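Engineer: The structure is given below, and queries will be raised subsequently.
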């Protein structure tokens, strides 16, 4: 087991390195000048600009900048924000809680909605309920989350006044963004669950379970779901990573605090260290979730447990 | 027969494909007496398994299946029962063992959990009493390291072991009728004999009736009190094994017997086979479905379906049976 975790961790290193190389190059290919953004359009002498560039190492060749950055990352130092002059690590740690809360709540919503709707559709295969759920999940998958967010704000914040439209803090503030983000993933989860439940329903052991005289409800709730959930875990896990990334959009729509907001502000201000820091953190979360997903298989499926133990 | 436990009469099973219906079983008529082993024999695609599943009410779980005819089980028509009551009979009065033991057990649950589920359909015991009962039941099917098997998951057991577990599961129901659908087809030859011997022994000890589905005429001849031969969805001959072996009436039965190697004497270079194969259920020939493959086929065989006529100890559906009719 320890061996498995270590191998997965090692395999993650090139992935993260790749992310950073691509990000670093892309940022520096983008038009614009971080020093201009730092100065906020104020007049400055060439000397001031040169001093700023020297302060942040922007006068060095890109290769050297990258090596310096990687060296800092290895010592867990993500650098200093050009805009706020705060350490990036501190900025992220102040904001990440909000984002994880949002992504976590959204993951629960998408998993619950996906599993319930997906299994209902599979059990009522080709009926009107199935047709309805399939259309709904297709529409839902095609619907961009910012639009869904705006619709929800119009209906539940401005229309019914049940929830605040924007802001961070209470549970009421969390609900609309979490539903928006959760529903953006629910369609995919629903379709995967439907397919895997249908597949399991065709297995010999399902017939054998009916032959034992178990209630149809028991057969589905106890046996079919547990078998069908194995492929679903992968999807929910990948979705969870995507949800952390997707929170960038949702946080902007709801002007909610979080690393997504931090990232958008940093992009607007060409605040390289913050952009790099946030993207690196998102990438690490993504990789970590994938490792957890891999390990969770063995908790669900005894056949995998046997191979892992070997 | 007064001691009939199960009597199927004109059972027909059709798959509704919207525009067409495909008959999977065209006419299954058979009887199983109390404590009797009846073997349902035929090639793949003859409708044996569908018949077996229909008795269990499993075919009917699929909304696209249409079942007609009657299945009288101890006086109750199974097909007339509401699904809830049919379900209550499963795992109590009726139990079933399947062809592929490994895939018939849920892979993610342990053997103990799955056996407990079956036991709880029959009786409520304390956890320790349950465990003792499970161990006892495993011992009955020849598993003596019951504790290890109870702790195992299906993938950790051999096919033969899994089939024993499946049989134990069926026995926990203490059924009056056990339906075994090719229980040994997926197993090694040595294990096959053990499993069949086990079923035969349990039949005697528990006094339950067995409907054994098999494609192996040899197995049927050895175990059966009565043999029922099915072809292309229809029962074509039923008779006690000694009758079937000595004088098969239906040319199809004779063909099945011909493809068993003789026990004594020189082995033929090539075993005789029945040419061709079972017709697709959606394209069953008119008349007797066997006529395109039948050496005795005559004009009427391709026109009209032969009726079921009684013979010594059984009955046959054939225009030109191999023995003289004797009512």
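Protein chains in written order, with this note's numbering: chain A, 1191 to 1500; chain B, 3 to 329.
All C-beta atoms, glycine included, are put in the ideal place defined by N, C-alpha and C.
Treat the numbers as computed from the prediction; the structure is a model and nothing was measured.
Buried or exposed: which applies to residue 177 (chain B), given that a residue is buried once 16 or more other Cβ atoms fall within 10 Å of its Cβ?
Structural biologist: buried
Engineer: What are the residues of the stretch 1296-1325 of chain A that lie near chain B, defined by any Cβ-Cβ distance shorter than 8 Å?
Structural biologist: none
Engineer: Identify which residue in B:236, B:207, B:87 has its Cα closest to the Cα of residue 281 (chain B).
Structural biologist: Out of B:236, B:207, B:87, B:236 has the C-alpha closest to the C-alpha of residue 281 (chain B).
Engineer: Report the three-state DSSP secondary structure of residue 210 (chain B) (helix, strand or coil).
Structural biologist: coil
Engineer: Taking a Cβ distance cut-off of 8 Å, strictly less, list which residues of the stretch 151-173 of chain B are near chain A, in chain order.
Structural biologist: 155, 157, 158, 168, 171
Engineer: So residue 1422 (chain A) packs on residue 1379 (chain A), CB below 8 Å; how close in whole Å?
Structural biologist: 7 Å
Engineer: Could you give the DSSP three-state label for residue 228 (chain B): helix, strand or coil?
Structural biologist: For residue 228 (chain B), the three-state secondary structure derived from DSSP is strand.
Engineer: Bridge partners for residue 1503 (chain A) per DSSP, in chain order?
Structural biologist: One cannot answer for residue 1503 (chain A) here, as it falls past the ends of chain A, which runs 1191 to 1500.
Engineer: Nearest-angstrom Cα distance between residue 1250 (chain A) and residue 1241 (chain A)?
Structural biologist: 13 Å
Engineer: Three or more beta-carbon pairs under 8 Å between the stretch 1378-1396 of chain A and the stretch 1468-1480 of chain A, yes or no?
Structural biologist: no
Engineer: Sorry if obvious, but does the Cβ on residue 312 (chain B) come closer than 7 Å to a heavy atom of the ligand ADP?
Structural biologist: Absence of the ligand ADP from the depicted structure is noted, as is the absence of any ligand whatsoever, leaving it without description.
Engineer: Enumerate in chain order the residues of its own chain whose CB-to-CB distance from residue 328 (chain B) is below 7 Å, with the five nearest sequence positions on each side excluded.
Structural biologist: Bear in mind that a pLDDT of 45 at residue 328 (chain B), under 50, signals an unreliable position, so the model cannot answer this.
Engineer: Checking contacts by CB at 8 Å: is residue 1462 (chain A) closer than that to chain B?
Structural biologist: no
Engineer: Chain B partners of residue 1389 (chain A), CB-CB under 9 Å?
Structural biologist: None at all; the shortest Cβ gap to chain B is about 13 Å.
Engineer: With a threshold of 8 Å, are at least 3 pairs of Cβ atoms found where one atom belongs to the stretch 1232-1247 of chain A and the other to the stretch 1428-1438 of chain A?
Structural biologist: no
Engineer: Near residue 5 (chain B), what residues of its chain come up, given a Cβ to Cβ distance below 8 Å and the 5 sequence neighbours on each side ignored?
Structural biologist: 35, 36
Engineer: Taking Cβ to Cβ, would you say residue 217 (chain B) is nearer than 8 Å to residue 45 (chain B)?
Structural biologist: A contact, by the Cβ cut-off of 8 Å.
Engineer: Quick one, which residues of the stretch 210-240 of chain B are near chain A if we go by CB-CB under 9 Å, in chain order?
Structural biologist: none
Engineer: Using the beta-carbon of each residue, which ones in chain B are nearer than 9 Å to residue 1416 (chain A)?
Structural biologist: 108, 110, 111
Engineer: Quick check on residue 1193 (chain A) - is its C-beta less than 8 Å from some C-beta in chain B?
Structural biologist: no
Engineer: To test your reading of the DSSP string, which unbroken alpha helix (DSSP H) runs of 4 or more residues are found completely within the stretch 1195-1259 of chain A?
Structural biologist: 1224-1229, 1236-1245, all fully within the stretch 1195-1259 of chain A.
Engineer: Using 8 Å as the threshold, is the stretch 54-70 of chain B in touch with the stretch 88-100 of chain B, meaning 3 or more CB pairs across them?
Structural biologist: yes
Engineer: So which residues on chain A does residue 120 (chain B) lean against when the C-beta distance must stay under 7 Å?
Structural biologist: 1402
Engineer: With a threshold of 8 Å between beta-carbons, can residue 1407 (chain A) be considered close to chain B, or not?
Structural biologist: no
Engineer: Check the Cβ of residue 1493 (chain A) against every Cβ in chain C and list those closer than 7 Å, keeping chain order.
Structural biologist: In the structure shown, chain C cannot be found, because the protein chains are A and B.
Engineer: To which residues of the same chain is residue 1473 (chain A) closer than 7 Å at the C-beta, ignoring the five residues directly before and after it?
Structural biologist: 1206, 1209
Engineer: Scan the stretch 44-64 of chain B for residues whose Cβ lies nearer than 9 Å to a Cβ of chain A and list them as they occur along the chain.
Structural biologist: 55, 58, 59, 60, 63
Engineer: Which residues, taken in chain order from the stretch 1342-1374 of chain A, show a beta carbon closer than 9 Å to some beta carbon of chain B?
Structural biologist: none
Engineer: Runs of 3 residues minimum, wholly inside the stretch 1359-1433 of chain A: which ones carry the beta strand (DSSP E) assignment?
Structural biologist: none
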